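The opening residue of the sequence shown carries number 53 in this note's numbering; numbering runs sequentially from there. Beta carbons: idealized from backbone N, C-alpha and C, even for Gly. Note that the structure is a prediction, hence the values are computed from the model and not measured. See structure below.
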Amino acid sequence: MDLDRRKLLAAAGTTVGGALLGGGIGAGTASAATARPDDMGDVDTDDAVDTEAGERAGSDRSFSWNRLRGMSAPSTLTDADVEAFAATGGNLLRLGFAGTPLMRKTAPFDLDQEAFARLDAILDACERHGVHVVIDPHTLPGLRDNFTTFPDDEFWQDLRFHDLAHELWDYIAARYKDRGSVVAGYDLLNEPAVPDVRAESGPASWNALALGLVATVRAHDPDRHILIGTAISPKPDGPLWYSRFESVNALPPPPDRRIVITPHMYAPHAFTHQGVQADYPEGLHYPGTAPGQTWEGLPASVYWDRAAIRDYLRPALDYQRAHHVPVFVGEFSTPRWIGADGNRYLRDTIEEFERLGWSWTYHAWREWEGWDAELSNDDKDDLTRYPSTPRLELLKHYFTRNGRRRPRGQRL
């Protein structure tokens with residue numbers, strides 16, 4: 053979750069040169085059209101993507117990235133939590149270790165075997181209940197925040213932290229290479245935010261690190277899907293930044309056929325985080341106008357509707373078309389208590405993911421109360437867990453498209 057705009061802006065670092073592909077909302081354009089409920093099934097054939105991209109990326113397997121719909125989740129899950137999730141029809145948990153890092157973030161930076169034992173237990177539970185898992189360490193030594201990254205983190209200044217990332221992924225790949233299809237993939241780094249998305253080498257280069265980590269994983273696990281996150285960084289001509297969707301154009305071509313691109317979708321933050329942080333007061337509606345943040349590639353004011361969401365996502369579609377790579381939106385959400393407006397935003401966002409054949413995980417299952425779809429959709433203070441809410445039913449509606457294929461012990 054991209055957390056704090058002030059921290060991000062303060063962490064912008066040095067000015068960089070050059071340019072990437074622009075366009076879309078981040079370049080200052082936005083749609084004035086409003087998506088109506090009766091439009092939700094429409095498909096723009098000019099933008100529709102080949103939904104077999106996931107199959108082509110792994111045609112020798114029974115595992116398809118365009119059939120995964122679920123939620124992100126914390127490392128505190130119990131067997132009962134996994135069983136309850138499976139009952140919703142979701143088939144994927146993106147399992148994050150922000151609260152219990154797999155590698156301790158203070159010297160001597162050792163691997164936390166208790167955290168790995170927790171991961172083992174959750175994988176066992178998911179295998180019992182027919183749910184796939186993306187392993188997401190979420191944080192690493194050198195990153196000051198456990199939930200996201202910043203351009204001025206030590207991680208982007210000192211290669212010894214990259215060495216630690218290699219050590220962690222070497223261990224993960226060796227440990228889980230034979231776990232079968234319960235492990236859907238490895239998410240290399242949650243929400244990279246870098247000084248310059250175009251850097252090709254050195255500690256500030258996400259591309260160089262990502263390609264190196266792929267090689268580290270492949271030394272043990274040649275076939276598992278590997279998820280490469282899209283970064284944000286300042287643009288050389290300012291003031292806007294490259295968004296997580298625009299920056300996909302800075303990624304190198306996928307190094308093999310088992311790569312998945314994974315952006316997160318929280319734009320516009322002023323809407324999706326209203327009431328979550330003091331910077332974002334409540335009262336915004338969807339469809340409607342919302343303030344944009346420079347670090348998410350948005351101008352000062354943007355009208356948001358389904359057409360605007362479509363424009364914002366477009367760069368990832370272009371990359372997918374060019375490289376035939378699956379796209380997986382690992383996080384997206386709104387505060388549960390903003391009710392129908394939040395659910396309309398989620399519906400329109402999911403409809404776009406579905407139209408494009410993308411996999412997705414809603415944020416989040418039984419993590420922080422503000423995102424919890426089982427809690428009240430209009431009362432912030434009501435922490436009762438309900439068997440049915442409008443948001444939960446919305447998600448379950450899309451989960452019915454999953455079918456049910458139980459993970460088996462064979463490899464993907």
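Cβ shell of residue i (< 8 angstroms), same chain only, five flanking positions each side left out
{"i": "residue 268", "result": "218, 221, 222, 225"}
{"i": "residue 191", "result": "149, 150, 153, 157, 197, 198, 199, 242"}
{"i": "residue 451", "result": "121, 122, 140, 141, 142, 143"}
{"i": "residue 210", "result": "194, 255"}
{"i": "residue 314", "result": "239, 279, 280, 281, 282, 379, 380, 381, 382"}
Neighbour-count burial assignment, residue i, 16 or more Cβ in a 10 Å radius
{"i": "residue 188", "result": "buried"}
{"i": "residue 374", "result": "exposed"}
{"i": "residue 438", "result": "exposed"}
{"i": "residue 330", "result": "exposed"}
{"i": "residue 169", "result": "exposed"}
{"i": "residue 449", "result": "exposed"}
{"i": "residue 516", "result": "The structure shown does not extend to residue 516, since the chain is modelled only from 53 through 464, so no value can be given for it."}
{"i": "residue 346", "result": "buried"}
{"i": "residue 430", "result": "exposed"}
{"i": "residue 399", "result": "buried"}
{"i": "residue 172", "result": "exposed"}
{"i": "residue 392", "result": "exposed"}
{"i": "residue 205", "result": "buried"}
{"i": "residue 289", "result": "exposed"}
{"i": "residue 212", "result": "exposed"}
{"i": "residue 248", "result": "buried"}
Same chain only: Cβ atoms within 6 angstroms of residue i, ignoring 5 sequence neighbours per side
{"i": "residue 395", "result": "442, 443, 446"}
{"i": "residue 156", "result": "162, 164"}
{"i": "residue 465", "result": "Absent from the structure is residue 465, since the part of the chain shown begins at 53 and ends at 464."}
{"i": "residue 135", "result": "181"}
{"i": "residue 326", "result": "332, 334, 336"}
{"i": "residue 453", "result": "none"}
DSSP three-state assignment for residue i, whether helix, strand or coil
{"i": "residue 214", "result": "helix"}
{"i": "residue 384", "result": "strand"}
{"i": "residue 320", "result": "coil"}
{"i": "residue 160", "result": "coil"}
{"i": "residue 467", "result": "Beyond the ends of the chain as shown, which are 53 and 464, falls residue 467; an answer cannot be given."}
{"i": "residue 141", "result": "coil"}
{"i": "residue 346", "result": "helix"}
{"i": "residue 452", "result": "helix"}
{"i": "residue 441", "result": "coil"}
{"i": "residue 121", "result": "strand"}
{"i": "residue 300", "result": "helix"}
Beta-carbon contacts of residue i that lie in its chain and below 7 angstroms, excluding the five residues immediately before and after
{"i": "residue 435", "result": "421, 427"}
{"i": "residue 273", "result": "225, 229"}
{"i": "residue 253", "result": "260"}
{"i": "residue 423", "result": "385, 388, 415, 416"}
{"i": "residue 304", "result": "259, 263"}
Residues that residue i bridges to, as DSSP identifies them
{"i": "residue 411", "result": "380"}
{"i": "residue 126", "result": "148"}
{"i": "residue 340", "result": "356"}
{"i": "residue 328", "result": "Per DSSP, none; premise fails for residue 328."}
{"i": "residue 311", "result": "278"}
Below-8 angstroms beta-carbon distance, residue i vs any chain C residue
{"i": "residue 423", "result": "The structure shown contains no chain C, having only a single protein chain."}
Could you give the uninterrupted runs of the beta strand (DSSP E) lying entirely in the segment 209-295, keeping only those of 3 residues or more? 235-239, 277-281
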